[in-house]
Amino acid sequence: MTLRHRLKQVALSASTLVLLLSTATSTSYASSSMTQDHIYFNGQLVSSPFGRMAIDPNSHEATTYIPIAYVMAMLLKELHISSTWNGHLWNLHVPTNFTYVPSHIASPHLKNTTTITIDNQPYIHVPSLIGQDPYTHNLTTYVPIYDIEQLLIKLGVPNNWNGSVWSVAPPAHTAEASTLSNSEQTAVTYHQLTVDGVSVASLYVDINNPHVIVKPVIADNHFGQTASLTALAQSVHAIAAVNGTYFDALSTMWPAGSLFVNGQWIHTDGGTLMGFGAGGKVIMTRATESLWMTIGNRRVWPWKINSWHGQPTEISILTRLYGHSTHIANGTAVVVQHGVVTAITYGNTSIPEHGYVVEWGNSPYNQNFLQNVHLGQLVQSNVTVYNQRKQPVNFSGITQAIGAGPMLVNHGQIVLDPASEGFTSTSLIDSQTSRTLIGITQNHTLVLAVLSSATMQQEALIARDMGLIQAMNLDGGASSGIYFHGQSLIAPTRNLATALAVIDQ
Numbered sequence: 000m001t002l003r004h005r006l007k008q009v010a011l012s013a014s015t016l017v018l019l020l021s022t023a024t025s026t027s028y029a030s031s032s033m034t035q036d037h038i039y040f041n042g043q044l045v046s047s048p049f050g051r052m053a054i055d056p057n058s059h060e061a062t063t064y065i066p067i068a069y070v071m072a073m074l075l076k077e078l079h080i081s082s083t084w085n086g087h088l089w090n091l092h093v094p095t096n097f098t099y100v101p102s103h104i105a106s107p108h109l110k111n112t113t114t115i116t117i118d119n120q121p122y123i124h125v126p127s128l129i130g131q132d133p134y135t136h137n138l139t140t141y142v143p144i145y146d147i148e149q150l151l152i153k154l155g156v157p158n159n160w161n162g163s164v165w166s167v168a169p170p171a172h173t174a175e176a177s178t179l180s181n182s183e184q185t186a187v188t189y190h191q192l193t194v195d196g197v198s199v200a201s202l203y204v205d206i207n208n209p210h211v212i213v214k215p216v217i218a219d220n221h222f223g224q225t226a227s228l229t230a231l232a233q234s235v236h237a238i239a240a241v242n243g244t245y246f247d248a249l250s251t252m253w254p255a256g257s258l259f260v261n262g263q264w265i266h267t268d269g270g271t272l273m274g275f276g277a278g279g280k281v282i283m284t285r286a287t288e289s290l291w292m293t294i295g296n297r298r299v300w301p302w303k304i305n306s307w308h309g310q311p312t313e314i315s316i317l318t319r320l321y322g323h324s325t326h327i328a329n330g331t332a333v334v335v336q337h338g339v340v341t342a343i344t345y346g347n348t349s350i351p352e353h354g355y356v357v358e359w360g361n362s363p364y365n366q367n368f369l370q371n372v373h374l375g376q377l378v379q380s381n382v383t384v385y386n387q388r389k390q391p392v393n394f395s396g397i398t399q400a401i402g403a404g405p406m407l408v409n410h411g412q413i414v415l416d417p418a419s420e421g422f423t424s425t426s427l428i429d430s431q432t433s434r435t436l437i438g439i440t441q442n443h444t445l446v447l448a449v450l451s452s453a454t455m456q457q458e459a460l461i462a463r464d465m466g467l468i469q470a471m472n473l474d475g476g477a478s479s480g481i482y483f484h485g486q487s488l489i490a491p492t493r494n495l496a497t498a499l500a501v502i503d504q
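Just so we're aligned: 324 in numbering that gives the first Met the number 0 is position 325 of the sequence shown, and the numbers increase by one with no gaps anywhere.
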């Protein structure tokens with residue numbers, strides 16, 4: 000079968016769809032040029048109508064007009080959105096499982112316009128052309144594809160027009176309601192937005208919902224491992240997730256941001272930190288984590304949790320997330336279980352499942368301290384979070400936290416300062432690439448968003464213009480991804496070490 004025949008098969012015929020045409024004559028049709036366009040739904044070709052390139056009288060720019068008939072057919076077949084057309088008014092009947100009702104957009108009611116209504120409520124007036132469909136040879140009405148694209152975005156339907164191909168994806172909010180609890184249906188909503196000219200896929204999370212937990216997830220519950228965003232989300236039965244913090248994607252796969260999970264610090268690395276607690280509690284700060292520990296009656300200050308660089312003066316706390324053993328040949332390991340020293344060994348040491356190892360480098364100070372460490376001594380440890388002014392941060396009530404950065408917005412103002420947080424790579428800061436951010440709105444809604452392409456400065460502007468009063472950057476580029484109700488709406492192009500998940504418990 001030839002391509003031409005296949006295209007004719009997906010084209011509409013006069014016998015399958017009859018449109019009542021307006022008798023008005025468009026003065027701009029004569030100056031329009033024909034284009035062949037392709038409509039895809041969920042990656043599958045739906046139809047290949049011939050469009051018209053003409054001037055939009057509202058924007059005064061050249062734009063593509065698409066036949067209403069083909070849009071109506073796609074909406075009905077793929078999205079179950081029925082519609083009626085009487086020659087000048089196009090009314091869409093939106094199913095009840097579309098949770099986002101579009102707001103009215105004012106536009107001038109010019110000559111030769113089509114009025115679009117949503118469930119009989121005025122939505123927008125759009126310019127229209129009348130012309131012959133090359134497939135059916137019948138007169139048909141054409142409207143700007145841009146206006147249809149924006150209409151679907153308002154309905155929460157992801158779609159993109161690249162000049163010749165219109166790609167439409169299943170709306171996340173049309174997941175089968177029967178499979179979702181009442182709280183799941185209201186806890187998270189998905190919105191496809193365009194902010195400052197950039198496509199933004201966003202999840203709005205009701206963190207005041209007592210059933211909602213926002214927490215970091217570790218691939219295979221073990222540092223140094225990676226998994227797909229979908230696998231990470233499904234490992235904790237998440238209803239939504241985005242990619243997490245930075246990690247060494249070229250070698251160790253180790254995370255490079257602080258992680259606080261279920262009330263326990265499992266990785267400390269500084270950077271902007273966002274924490275979550277019961278009752279919708281959220282904090283965000285440019286953080287430094289300070290560790291201290293008492294063994295017997297003496298105090299010492301470990302460098303990190305679950306990180307080892309092999310320095311002689313280094314002291315680090317290693318848990319089972321680090322591994323089943325330390326794999327460190329030249330160091331002293333103090334094994335702690337249930338708050339008591341249970342072993343002191345040298346070299347590779349097993350890490351207890353319900354405890355940790357304090358690993359020591361071989362500096363004279365460390366060796367001198369270790370002479371006074373004995374079996375049976377009590378051990379206490381603590382982590383204090385400090386802000387950039389070296390003031391302690393009240394972390395009470397926080398049970399989950401993720402660190403990355405830099406900070407984008409604070410108190411509704413752009414505060415981007417990558418260098419102050421140790422970000423100096425121009426390729427990271429200034430490149431046009433996918434970005435992932437998290438933030439809080441004035442009404443205390445958590446927003447998780449993936450930007451299609453932006454610099455960090457643009458990301459900060461978008462975060463502010465989205466109405467976020469606090470926002471920070473997460474890992475991006477090939478890591479950027481967004482998952483919602485079983486679907487990877489934006490799939491990262493690599494596996495991830497961590498994710499930030501929304502769980503309905």
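Ideal Cβ placement from N, Cα and C applies to all residues, glycine included.
DSSP places E313 outside any alpha helix (DSSP H), giving it a letter other than H or E.
S82 is bridged by DSSP to L91.
Within the same chain, and ignoring the five residues on either side of A496 in sequence, the residues whose Cβ sits closer than 6 angstroms to its Cβ are A218, T225, F246, M252 and P254. Beta-bridge pairing by DSSP links I401 to L258 and M273. Listed as beta-bridge partners of E60 by DSSP are D55. By alpha-carbon distance to E352, the top candidate from D268, L320, G480 and M283 is L320. The beta carbon of V260 lies closer than 7 angstroms to those of K214, P215 and Q399 in the same chain, with the five residues before and after it left out. The C-alpha of N361 is placed about 11 angstroms away from the C-alpha of F368. The C-beta distance from T267 to I294 rounds to 19 angstroms, too long to meet the 8 angstroms contact threshold. DSSP lists T331 as the beta-bridge partner residues of Y345. No residue range can be given for S479, since it is assigned to no beta strand (DSSP E) and is classified by DSSP as neither H nor E. For a cut-off of 8 angstroms, the C-beta gap from I117 to Y69 is around 20 angstroms, too long to register as a contact. Taking C-alpha positions only, M33 is separated from G50 by approximately 6 angstroms. The beta carbon of I147 sits closer than 8 angstroms to the beta carbons of I65 and V70 from its chain, once the five residues preceding and following it are set aside; these are given in chain order. Three or more Cβ pairs closer than 8 angstroms define a contact, and the stretch 277-284 falls short of that threshold against the stretch 411-428. Of the residues assessed, L317 falls on the buried side of the cut-off, its CB having 16 or more other CB atoms within 10 angstroms.
DSSP assignment within the stretch 124-154 yields the following whole beta strand (DSSP E) runs of 3 residues or more, N-terminal first: 128-131 and 138-143. Between the stretch 229-238 and the stretch 462-474 there are fewer than three C-beta pairs closer than 8 angstroms, too few to call the two in contact.
In this chain, T423 is not harboured by any beta strand (DSSP E), its DSSP state being neither H nor E.
The three-state reading of DSSP puts N386 in coil, since its state is none of H, G, I, E or B. With 16 or more other CB atoms across the displayed protein chains lying within 10 angstroms of its CB, R434 is buried. Sequence-distant Cβ neighbours of T432 in its own chain, meaning closer than 7 angstroms and more than five residues away, are S452, G475 and G476. Shown here for N207: same chain residues with a beta carbon closer than 6 angstroms to its own, the five before and five after excluded, namely G279 in chain order. Using a 10 angstroms sphere on the CB of P157, the tally of other CB atoms reaches 16 or more, which defines it as buried. Of the residues A286, N119 and T139, the one whose Cα lies closest to the Cα of S127 is T139.
Taken through DSSP and simplified to helix, strand or coil, S31 comes out as coil.
Rounded to whole angstroms, the gap between the alpha carbons of T331 and T287 is 27 angstroms. From the listed residues P491, M73 and L151, the smallest Cα separation to Q43 is found for M73. Using a Cβ distance threshold of 7 angstroms, L290 and V382 count as a contacting pair. In this structure, DSSP gives E458 a helical state, which the three-state scheme calls helix.
D464 carries a helical assignment under DSSP once its states are collapsed to helix, strand and coil.
Taking a C-beta distance under 7 angstroms as the contact criterion, I489 and V449 qualify as a contact pair.
About 22 angstroms separates the CB atoms of D55 and P133; that is not less than 8 angstroms, and the two are not in contact.
Leaving aside the five residues that flank H337 on each side, none in its chain has a CB nearer than 6 angstroms to its CB. Comparing alpha-carbon positions, the option among A403, L154, N442 and P48 lying closest to H190 turns out to be L154. For Y189, the enclosing beta strand (DSSP E) covers residues V187 to V194.
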